[in-house]
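J.:
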Amino acid sequence: MKFAIAPLLAAALLAPSAHAALQGRDLDPAKAGFEAYYDTDLNISWLTDFGYVAHSGFDADARLSWNDAQAWIAGLNQQHLYGLDGWRLPTVSPVNGSSFQLGSTNNGHTDVGVAATGTGWGTASEMGHLYYVTLGNKGLCTPTVLGSDACSTQPGWSPTAKNFGPFTGLTTFVFWSGTTLPSQTNQAFYFYAYYGNQDVALKTQTYSAIAVRDGDVAAAVPEPGAAALMLGGLAGLGLRARRRR
Ligand SMILES: [Ca+2]
Ligand SMILES: [Ca+2]
């Protein structure tokens, strides 16, 4: 018995888990389930509900311009969603580490196109990383040589074959990133989970939006303003109780 435990324990520790990089965070105990997931790979937290832009009452059809998406984010921070600020749109950085390459490829070698499979754009695209690496989905095209923009569909890319893990509302919408194209500031990057592709579009296009936050929301402490307001409220209650006596 004594000898059997160690290998079993080792096997349990080594066993791959479906969402090893995602840890549920219960930000509202009054509502069932986890309202956010901490992404240990990217060190950011995602809202579980990718339809929250509609469910928060901000935009009924969850399709809004880039400026309106930023206004929604500003509103979440103003109202301290779950007692927190620092919410933002997911970001994109150049996959080559220096400047965006807009020639379309289907193997993640440039910043536009699909990443096909495997490591995707690495951590350069937060949504791409979630889709390809963390959730293990495939892109529309079979990976081919660098520079080729030809696309032959690869098995397993289809929407019905996809894994969206604990997230809801990610399936068919195009999601804005918070990243403006430096060479044309009236455009921004977006990610489309249907095909697994990343591209740029005019900010006047109407796409959806999701909120993320740096770090682990479980470790975040409500900002001093909110805490002071709460303490002030409690003090007021105490005063009233004493007066009544
Ligand atoms: Ca909850
Ligand atoms: Ca709308």
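Here the sequence shown stands for residues 32 to 276, where the numbers follow our numbering.
A virtual CB, placed ideally from N, CA and C, is assigned to each residue, including glycine.
Which of the three DSSP states is assigned to TRP77 in this structure?
T.: In this structure, TRP77 counts as strand in the three-state DSSP scheme.
J.: Is it true that the CB of GLY144 sits closer than 7 Å to the CB of THR136?
T.: Contact flag set, yes.
J.: Quick one: using the 10 Å Cβ neighbour count with 16 as the cut-off for buried, is LEU95 buried or exposed?
T.: Classification for LEU95: buried.
J.: When every heavy atom of ligand 1 is checked, does at least one fall within less than 6 Å of the C-beta of ASP59?
T.: Yes, since a heavy atom of ligand 1 falls inside the 6 Å radius drawn around the Cβ of ASP59.
J.: Could you pull out every unbroken alpha helix (DSSP H) segment of at least 4 residues lying fully inside the stretch 96-125, listed in chain order?
T.: 97-109, all fully within the stretch 96-125.
J.: Measure the C-alpha to C-alpha separation of ALA232 and THR211 and round it to an integer number of angstroms.
T.: Each residue's alpha carbon lies about 10 Å from the other.
J.: Should THR150 be flagged as near chain D, meaning a C-beta pair shorter than 7 Å?
T.: In summary, chain D is missing from the structure at hand, where a single protein chain is found.
J.: Is the beta carbon of PHE220 closer than 7 Å to that of PHE206?
T.: For PHE206 and PHE220, no; Cβs fall outside 7 Å.
J.: According to DSSP, ASP230 sits in a beta bridge with which residue or residues?
T.: Looking at the DSSP assignment, ASP230 forms a beta bridge with TYR221.
J.: Is the stretch 125-133 touching the stretch 165-172 in the sense that three or more CB pairs, one from each, lie closer than 8 Å?
T.: Counting Cβ pairs under 8 Å, fewer than three are found: no touch.
J.: Nearer than 6 Å: is that true of the beta carbon of LEU233 relative to any heavy atom of ligand 2?
T.: The answer is no for LEU233.
J.: Answer yes or no: the CB of LEU95 versus the heavy atoms of ligand 2, is any distance below 6 Å?
T.: Flag set: Cβ of LEU95 near ligand 2.
J.: How about LYS169: is its Cβ closer than 6 Å to a heavy atom in ligand 1?
T.: No; taking the cut-off as 6 Å, the Cβ of LYS169 has no heavy atom of ligand 1 nearer than that.
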